[in-house]
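Residues 404 to 554 in the numbering used here are what the sequence shown spells out, letter by letter. Structure, as structure tokens:
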Amino acid sequence: MQFKPTTCLIGAQIAALMVGYILRAPDLQATAERQDSIRLEQKEAAFARTEAMQRAQRCVVLMTELPITDGTAAYFSSLKNGRVVIHKDRPLPSQTTVCDTYGNTGIVTSDAQGNPIVSDIKQMPPEEMEKILAQRNITPTSRHITQYQEK
């Protein structure tokens, strides 16, 4: 049986395309997985931001020098001579929603020793937090407050 040259050429091109797709398939799969991972991260970030914005509508604003993080102690505080005084004998109630002027929100829980801490941190842009706090007529004190514990 004889093959025409054009038939052989077409067959060779099809074989080359198939080999190329087979060799490229793992790369395409890895790219698709990366894109799915990025999409998932974006969805999670958008959900966290939305939740932070909802919390900001009702949160207790903490006077902090630094942004709140998971494990931050959660006690009532006050200003005395321009300084924040943390009252270690007055913990914030469990499940209280707290926030800071840096755009962080959290929920007060207790650690293993029963100390009140902030957990489940959700973030939003600080500018958004400032707008929400302004709408609530809350003007947080300066971010550069020296903290100390009253004895």
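Think of the CB as a built atom: it goes at the ideal place given N, C-alpha and C, for glycine as much as any other residue. Keep in mind the model is a prediction, meaning the values are calculated, not measured.
Note on geometry: alpha-carbon atoms of L420 and R437 lie some 25 Å from one another. DSSP places L536 inside the alpha helix (DSSP H), whose first and last residues are P529 to Q538. In the DSSP assignment, Y478 falls within the beta strand (DSSP E) that extends over Y478 to K483. By the Cβ-count criterion, V422 is exposed, with fewer than 16 other Cβ atoms from all chains shown falling within 10 Å of its own Cβ.
The three-state secondary structure of G509, taken from DSSP, is strand. Contact between the stretch 451 to 458 and the stretch 490 to 497 is not established, with fewer than three Cβ pairs separated by less than 8 Å. Per DSSP, T472 is not a residue of any beta strand (DSSP E), being assigned neither H nor E. G506 is positioned such that its CB atom lies no closer than 7 Å to that of D523.
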